[in-house]
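Asker: Using my numbering, count along the sequence shown one by one with no gaps and you end on 112. This structure is in structure tokens; I'll ask about it shortly.
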Amino acid sequence: MPVVAIVYNNNAWGTWTLATQDPKAMPIHLFQEHLRYDKLAEALGGHGEYVTRAGDFRPALERAYQLAAKEGRPAVINVQGKKEFWNRTEFPPGMLGKVEPGVMSYYH
């Protein structure tokens, strides 16, 4: 199936802000650090890309699209992010942006 999936991997559920309020709750809000969804795709016969720098994203996306189009294989691009990215004191402005159906974004 020629599908390209992009995973923004921030090592946490979307409930990270709740975890910071209660240290005892943190384990249920976090994943193991740096899970490799790209390797999972490869193990299942797809193509995987692991992106850790912004400049590497476009080439990874182009390779994934080419493989999906030419070979009909699915591809997963695992984009490694930071769970603290929502924090406006560390990454200003870091507040929730316009929310549309099926889309959520942060202003940066």
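The beta-carbon is built from N, C-alpha and C at its ideal position, and this holds for glycine as well. Predicted model, so just to flag it, every value in this text is computed and none were measured.
Using 8 Å as the threshold, is the C-beta distance between alanine 72 and alanine 79 below it?
Answerer: Yes.
Asker: Who are the Cβ neighbours of glycine 106 in its own chain at under 8 Å, not counting the five residues just before and after it?
Answerer: For glycine 106, the predicted structure reports a pLDDT of 48, less than 50, and the residue's modelled location is therefore unreliable. A value from the coordinates is still provided. Excluding residues within five positions, none has a Cβ falling inside 8 Å.
Asker: Could you tell me which residues DSSP puts in a beta bridge with asparagine 12?
Answerer: Here residue 12 is tyrosine; the residue named in the question, asparagine, does not match the sequence. Paired residue(s): Val83.
Asker: Comparing alpha-carbon positions, which option in Gln25, Pro27, Tyr54, Met5 lies nearest histidine 38?
Answerer: Of the listed residues, the one whose Cα sits closest to histidine 38 is Tyr54.
Asker: Give me the Cα-Cα distance between glycine 50 and proline 63, rounded to the nearest whole angstrom.
Answerer: Spanning the two alpha carbons is a distance of roughly 17 Å.
Asker: Between Gln70, Val11, Tyr69, which lies nearest to lysine 43 when the distance is taken from Cα to Cα?
Answerer: Measuring from the Cα of lysine 43, the nearest candidate turns out to be Val11.
Asker: Under the DSSP definition of a beta bridge, which residues are partnered with valine 55?
Answerer: In the DSSP output, where bridge partners are listed per residue, valine 55 has Val83.
Asker: At which residues does the alpha helix (DSSP H) containing aspartate 26 begin and terminate?
Answerer: Neither: aspartate 26 is in no alpha helix (DSSP H) and is coded neither H nor E.
Asker: Checking 8 Å against the spacing of the C-beta atoms, do asparagine 14 and glycine 59 come in under that value?
Answerer: Cβ distance not < 8 Å, so asparagine 14 and glycine 59 don't count as in contact.
Asker: Using a Cβ-Cβ cut-off of 6 Å (strictly less than) and excluding sequence neighbours within five positions of threonine 56, which residues of its own chain qualify?
Answerer: Only Gln84 meet the Cβ criterion.
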